[in-house]
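A.B. asks: Pasting in a structure now, in structure tokens, and then I'll have a few things to ask.
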Amino acid sequence: MKIAILFPGIGYSCDRPLLYYAGKLARQCGYEVIQAAYTNLPKSIPEAFACAYPQAEQFLEDIRWSGCSDILFVSKSIGTAVAAAYAQKHNITCRNIYYTPLAQTFDFAPQAGIVFHGTKDPWAETAVIEDNCKRHGLPLHVFEHTNHSLELQAAEGASPPDCAKNAVFENLRILEDAMRLSEAYIAHDIWYRPLCAGEICRELFRDFIRRQNVVKCWRKENGAWVIKDDPFIDDWSEDDYQFLVACLKNTVQTGGLVCGAFCNGAHGRTLKGFVSVEPDLFGGAHGYLDLSCIHVSQDMRGKGIGKMLFRTASGWARKKGGQKLYISAHSAAETQAFYQAMGCVDAMEYNQHHVELEPYDRQLEYVL
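According to this note's numbering, numbering within the sequence shown proceeds without interruption in unit steps and concludes at 453.
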């Protein structure tokens, strides 16, 4: 039996967005979902934990953990501490989604999982959460300017109507991003994290399959883009991999981003997707940042990995001060369909280096 337990927070019930939709995703993935409950929690974190934990113990006392083939704990706020403490006390091996954990959560040696945190969370300092996640090897997803509910804080000086109008749809986008990351973890056991230069080597791509069977491509004829039959197989040689490793190392060492998507495989956690963004602004108004590559292994395509990598790159580029992402995009019809779905359009300015290097690519841009 696959079982998922939802651990709510103080005033954040299982009917609130993060837990409600995470529960629905778990059900869709075949989990029996149980909502833990505790009531009358005081506002003080230590007192709230002391009150919530015994209630959770009582609520879960009839579950036969030995009969569960897959255990998932989804927790929020004080619930992250309750979940970690419960798993530690009962020696339960489980996977975890920790929404906005507290510093106290890490006192209980939390098990494997993914962590979500907002930089404007008044209950947890970003530096403390980052340090603890690094110490425990937990992938961390940070949402800028969001509070303890992963919702945007109102900007100083903004009038209420402006705040409401702009924040509603942005908060929905944040919720969608959080749920896509959660769904990837629940259904496919996928982690996303930035790579450092030292780990980028040929061995990293041991289980990565570049192969792409191309049938139709976009070609420019008489100033217009048209689809043409042009079947071929795109793959990388050993020299291509060595060149890729050198390029990605250089991207990180010069201040750019390389983010990978990992999943469990025969050799442990293996790379199944990656994206890179170069660090330097360019273009007439110096508004472009170059999305230099984005790839998903052939055996993992169609699972939303490319979309999450693209959004990760977009968020990073936005924080770096970019106005647009520049993409020299492979002309295959499937590749172009992906970029179109993400909202990319033909670039207003062309980067001649890319045009000369890959004359059949379609030069695109994405407004950040």
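The C-beta atom is built at its ideal place from N, Cα and C for all residues, glycine as well.
Need the endpoints of the alpha helix (DSSP H) that Tyr-424 sits in, please.
C.D. replies: Per DSSP, Tyr-424 belongs to the alpha helix (DSSP H) from 418-427.
A.B. asks: Per DSSP, which one or two residues make a beta bridge with Cys-344?
C.D. replies: Answer is Pro-279 and Val-360.
A.B. asks: Does the separation of the CB atoms of Glu-236 and Asn-256 fall below 8 Å?
C.D. replies: Against a cut-off of 8 Å, the Cβ pair of Asn-256 and Glu-236 comes out as a contact.
A.B. asks: Is DSSP giving His-175 helix, strand or coil here?
C.D. replies: Correct three-state label for His-175: helix.
A.B. asks: Find the nearest neighbour of Ser-466 within the set Leu-442, Pro-195, Ala-414 and Arg-447, judged by alpha-carbon distance.
C.D. replies: With the chain covering only 86 through 453, there is no way to say anything about residue 466.
A.B. asks: Residues in the same chain with beta-carbon distance under 8 Å from Phe-317, minus the five sequence neighbours each way, listed in chain order, please.
C.D. replies: Same-chain partners within the cutoff: Val-299.
A.B. asks: Is the segment 307-314 touching the segment 324-335 in the sense that three or more CB pairs, one from each, lie closer than 8 Å?
C.D. replies: The answer is no - the segment 307-314 does not touch the segment 324-335, with fewer than three Cβ pairs under 8 Å.
A.B. asks: Can you grab the Cα-Cα spacing for the pair Leu-187 / Arg-447, in whole Å?
C.D. replies: Approximately 46 Å, taken between the alpha carbons.
A.B. asks: Grab the span of the beta strand (DSSP E) containing Pro-316 for me, first residue to last.
C.D. replies: Unbroken beta strand (DSSP E) run through Pro-316: 309-319.
A.B. asks: Label Asn-125 either buried or exposed according to how many other C-beta atoms from any shown protein chain fall within 10 Å of its C-beta, with 16 as the threshold for buried.
C.D. replies: Asn-125 comes out exposed.
A.B. asks: In the DSSP assignment, find the unbroken alpha helix (DSSP H) run with Leu-329 in it and report its ends.
C.D. replies: Run containing Leu-329: 323-338, per the alpha helix (DSSP H) assignment.
A.B. asks: Is it the case that the segment 167-182 contacts the segment 131-150, given that we only count it when at least three CB pairs across the two stretches are under 8 Å?
C.D. replies: Contact holds: three or more Cβ-Cβ distances are below 8 Å.
A.B. asks: Go to Ser-154, then tell me how far its alpha helix (DSSP H) extends in each direction, as first and last residue.
C.D. replies: Counting along the chain, Ser-154 falls outside any alpha helix (DSSP H), and DSSP gives it neither H nor E.
A.B. asks: Grouping DSSP H, G and I as helix and E and B as strand, with all else coil, what is Glu-443?
C.D. replies: Coil at Glu-443, not helix or strand.
A.B. asks: Taking Cβ positions, are Ala-121 and Leu-91 nearer each other than 8 Å?
C.D. replies: Their beta carbons are under 8 Å apart, which means Ala-121 touches Leu-91 by this criterion.
A.B. asks: When the Cα atoms are used, what is the spatial distance from Gly-400 to Cys-429?
C.D. replies: So the alpha carbons of these two residues sit roughly 15 Å apart.
A.B. asks: Label Lys-406 either buried or exposed according to how many other C-beta atoms from any shown protein chain fall within 10 Å of its C-beta, with 16 as the threshold for buried.
C.D. replies: What sits at residue 406 in the sequence shown is Gly, not Lys. Classification for Gly-406: exposed.
A.B. asks: Pull the bridge partners of Gly-203 from the DSSP assignment, please.
C.D. replies: Gly-203 is bridged to Phe-228.
A.B. asks: Pairing CB atoms from the segment 403-418 with CB atoms from the segment 367-375, are three or more of them under 8 Å?
C.D. replies: Output reads yes: the segment 367-375 touches the segment 403-418.
A.B. asks: Could you tell me whether the Cβ atoms of Ala-269 and Gly-358 are closer together than 8 Å?
C.D. replies: No, they are not a contact pair.
A.B. asks: Closest by CA to Asn-176, which one among Ile-182, Thr-185 and Ser-151?
C.D. replies: When each option's Cα is compared against that of Asn-176, the closest is Ser-151.
A.B. asks: Provide the residue(s) that pair with His-380 in DSSP beta bridges, ordered along the chain.
C.D. replies: According to DSSP, which records beta bridges pairwise, His-380 is partnered with Phe-359.
A.B. asks: Between Ala-426 and Ser-361, what straight-line distance do the alpha-carbon atoms span, to the nearest angstrom?
C.D. replies: Taking the straight line joining both Cα atoms gives about 19 Å.
A.B. asks: If Phe-191 and Asn-217 are in contact, beta carbons under 8 Å, what's the gap, nearest whole angstrom?
C.D. replies: At roughly 4 Å, the Cβ-Cβ gap stays under 8 Å, so Phe-191 and Asn-217 are in contact.
A.B. asks: Nearest-angstrom Cα distance between Cys-99 and Pro-93?
C.D. replies: Cα to Cα, the separation comes out at about 6 Å.
A.B. asks: Taking the alpha helix (DSSP H) that Ala-188 falls in, what are its first and last residues?
C.D. replies: Counting along the chain, Ala-188 falls outside any alpha helix (DSSP H), and DSSP gives it neither H nor E.
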